[in-house]
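Shown next, in structure tokens, is the structure this report addresses.
Number of protein chains: 2
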Amino acid sequence: MTDTEYHRLLGMSRDAFADLESHLVERTDDGRTYCHVPDYRRGVERGTSLIDGTVVRGFPKVPRTLVLSEGVPERFADQPGDRIAVEEKLNGYNVRVVRLDGERLAFSRSGMICPFTTRILERLVDLEALFEQYPEAMVCGEMIGPENPYTAHDYPDVDSIAFRAFDWRDRESGEPLPVETRRERYDTFDVPQTRLFGQFEVDAAAAEIRRIIEELDAEDREGVIMKSPDGTAQLKYTTSAANQGDLAYAFSLPFDYGQPFMFRRLIREGFQSIEWDESDAVARERAHELGEAILLSMRETIDTVDAGEPVGERHTVRASHETVDILLEHLEGQGLTIEIEDDRREDGDRVCTFLKVTRSTIDKTRNYLDGHIVKE
Amino acid sequence: MTDTEYHRLLGMSRDAFADLESHLVERTDDGRTYCHVPDYRRGVERGTSLIDGTVVRGFPKVPRTLVLSEGVPERFADQPGDRIAVEEKLNGYNVRVVRLDGERLAFSRSGMICPFTTRILERLVDLEALFEQYPEAMVCGEMIGPENPYTAHDYPDVDSIAFRAFDWRDRESGEPLPVETRRERYDTFDVPQTRLFGQFEVDAAAAEIRRIIEELDAEDREGVIMKSPDGTAQLKYTTSAANQGDLAYAFSLPFDYGQPFMFRRLIREGFQSIEWDESDAVARERAHELGEAILLSMRETIDTVDAGEPVGERHTVRASHETVDILLEHLEGQGLTIEIEDDRREDGDRVCTFLKVTRSTIDKTRNYLDGHIVKE
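If you're matching them up, the sequences are chains A and V in order. Going by the UniProt record's numbering, the first sequence opens with residue 1, and the numbers climb by one from there. Going by the UniProt record's numbering, the second sequence opens with residue 1, and the numbers climb by one from there.
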């Protein structure tokens, strides 16, 4: 791979690009070779891909606040007179879709082409007209729903899997469209979008968001993304339901999830409880739910391993026979161990339930159950 | 410092000692210079000190099991016919006392001379006759009670601070006395000891220990240490009260305690809940207590920082004016920031309450409260 074009497309010096190059990972998809930046690096977004002489910019990390009343004004201090847009943050997986050589390709957060998402999107949303008119567009959105190979979560209006656009950026530069323009354009092209709760004055936003978060929490939904009108400044905040859901999931696979992942979610609960000025009784109730998220999911996993059953991340997908095959191959290509638990045809589709086996949790849990001595 | 004697005393080759030497830390106590091994190193126990041409061996790490029914037989498999001793594990700080040049010195777990412990021990226990008869002895025990500069915990029979012997080892080699000999000798010298719950056949021990642990748990005590009759093989197991007490403490200073410290205690709760075959209702009760230990202590800390008050580890000590001075100097010498909160005389003693200020928790909590943006 030559840097003659890439360093210019990335807006980097030749030297900076030379430094980046050693962190690039090469992949192949469907006979096509490309490179991506799987980890965040100086000067370029994590998940940026270099492919066919062009750049597909990674989706920028969205910062978070633990305290709305202070964090929102802090983050949007440059936009004092502006109204920030508050949109729903959905619990699924982030995908960016671009058109290259007439072909629509879906990229994962880390910058890999996901052959499953690329194929399933074709039946979920028609992006033909959009790319015809805006060939350089990068359609950014969330893949949500229960039949989902990465992050499954139930939404009342999604039976299997669905796409919801939440951003529109320039493929090469990563520059976003202003929020209103973006929403209008997606409307024009009939592309489903995440909900817009409203646009609020910076100083009034925290109170509004708290009300929104309480509603989302009651519906077991994830949270909100706030954006400056021009789309450049972003901030996220999540519900207790999301924190606790993540904790339950992480503690069901305690030796495969990172401890910082767990710790951060515990900390968020503490700050939310304080900002919401919870009474002792309400805080105690939150504490009980938190404890259950941790302990009960751990118990279930230990019991499962004790019974000699495998544990891991269980997913169901519904697609053509070939698309499912390609997905399983893609996952195994990433070093995952996949166990197929159910595989059947339904209405012309293949419906496959599989387990991404989490070896560390199985092995460590088994060891402890066998009386393995801990030298800690 | 020359290695001519030390490598022989440690039973190491000259080369192995040369390797160790670069990990030694030099300290001064009361005009005396010595070296110790603050972290565990190959071939020598953590906390080993080289002082005045002799070796004070570190106290070995006591391994732990998460599952009594399997871990106990596993650990004591070499002693099939033997009865293992079960003694109480007390919640305080580990100390080793030796006599060097006629002077009794108390060493911390990491091998530092603790000038406070050295002095306060003189009024707690008379070791004169013991060292007269056994000059090479290393008296190992726990400093417990509420007026304690390191680990304060209430015990019904301790008003201020007390010493309880739990081991007797050769100073140089670290070899322990058999359990029965040790207990008899300490009895002879009138040295207070940790409780011996009994000696049990290996195969019956787990059931007995579970009964003991349930009693200790109800009394908010820490746990047990099991030992082979010769004192060489050890194993520990702790109560849920101890796990949850540690978690509450750690989450009251969440950015100063290591995440592995927290994680390990959560995991222990999971395995204990499963081994004890808890019903859903009992497990839920445990989960609620666990959640309270985490969230309520975090809330208290966030509230304290929000009010502009410092947080940290609060301790009270009762000793002579000079001993308290020396303690505070010793703590500050280790880089700790000490704030004295109360300092008065009572019955000829100085009673001093101080805070070891935990900077990370204060700073990070303050930052988050101020709306600091998290890029995680």
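Quick reminder that beta carbons are idealized off the backbone N, C-alpha and C, glycines included.
Within-8 Å CB hit, residue i to chain V
i	result
Pro63/A	yes
Met1/A	Since pLDDT at Met1/A reaches only 49, below the 50 mark, its modelled position is unreliable, and no value is offered.
Phe263/A	yes
His288/A	yes
Leu331/A	no
Arg46/A	no
Arg299/A	yes
Gln259/A	yes
Tyr237/A	no
Cβ of residue i within 8 Å of any chain A Cβ
i	result
Lys89/V	no
residue 453/V	An answer regarding residue 453/V cannot be provided, because it is not within the stretch 1 to 376 covered by chain V.
Ile225/V	no
Pro135/V	no
Ile113/V	no
Val374/V	yes
Ile267/V	yes
Pro73/V	yes
Gly291/V	yes
Gly371/V	yes
Tyr368/V	yes
Cβ separation of residue i and residue j, assumed to be a contact under 8 Å, to the nearest whole Å
i	j	result
His36/A	Ser49/A	4 Å
Arg284/A	Ser320/A	Not confirmed; about 50 Å, so no contact.
Gly88/V	Arg195/V	Per the sequence shown, the amino acid found at residue 88/V is Glu instead of Gly. Correct: roughly 4 Å between the Cβ atoms.
Leu290/A	Leu295/V	6 Å
Phe163/A	Leu124/A	5 Å
Ser176/V	Asp167/V	Per the sequence presented here, residue 176/V reads as Pro, with Ser not at that position. Right, the Cβ-Cβ distance comes to about 6 Å (below 8 Å), so this counts as a contact.
Leu331/A	Ile338/A	6 Å
Thr358/A	Val311/A	6 Å
Phe255/A	Thr361/A	4 Å
Val158/V	Leu121/V	The Cβ separation is near 14 Å, so there is no contact.
Leu20/A	Val44/A	6 Å
Cβ pair residue i, residue j closer than 8 Å
i	j	result
Glu222/A	Asn94/A	no
Asp220/V	Ala241/V	yes
Gly58/V	Gly47/V	yes
Val191/V	Val86/V	no
Leu235/A	Met226/A	yes
Lys356/A	Glu313/A	yes
Ile373/V	Gly71/A	yes
Ala165/A	Val139/A	yes
Val62/V	Glu275/V	no
Asp342/V	Thr353/V	yes
Ile161/V	His153/V	no
Gln259/A	Pro260/V	yes
Arg199/A	Ile84/A	Going by the sequence as given, residue 199/A is Gln instead of Arg. Yes, they are a contact pair.
Euclidean distance between Cα positions of residue i and residue j
i	j	result
Leu327/A	Thr28/A	14 Å
Leu24/A	Ala287/V	44 Å
Ala16/V	His7/V	8 Å
Asn148/A	Ala307/A	27 Å
Asn367/V	Leu253/V	15 Å
Ala206/V	Phe271/V	14 Å
Arg171/A	Glu136/A	6 Å
Asp111/A	Lys364/V	Checking the sequence, you will find Gly at residue 111/A rather than Asp. Between Gly111/A and Lys364/V, the C-alpha separation is close to 32 Å.
Arg182/A	Glu300/V	44 Å
Leu117/A	Ala106/A	For the sequence presented, residue 117/A should be read as Thr rather than Leu. Answer to the nearest angstrom: the Cα atoms are 6 Å apart.
Gly245/V	Thr232/V	29 Å
Thr239/A	Glu214/A	7 Å
Val324/A	Arg109/V	57 Å
Met1/A	Gly11/A	Here the model assigns Met1/A a pLDDT of 49, short of 50, so the residue's position is not dependable, and the following value carries that caveat. Using only the alpha carbons, I get a separation of about 17 Å.
Arg104/A	Gln133/A	14 Å
Thr54/V	Asp82/V	35 Å
Gly335/V	Glu26/A	48 Å
Met262/A	Arg64/A	16 Å
Asp187/A	Glu309/A	47 Å
Tyr257/V	Asp277/A	26 Å
Residue i Cβ short of 7 Å to the ligand ZN heavy atom set
i	result
Arg265/V	As for the ligand ZN, it is missing from this structure, which has no ligand bound.
Identity of the residues DSSP links to residue i by a beta bridge
i	result
Ala106/V	Val97/V
Met226/V	Val86/V and Leu235/V
Asp167/A	Cys140/A
Leu50/A	Cys35/A and Val55/A
Pro63/A	None, per the DSSP bridge assignment.
Pro115/V	Paired residues: none, contrary to the question.
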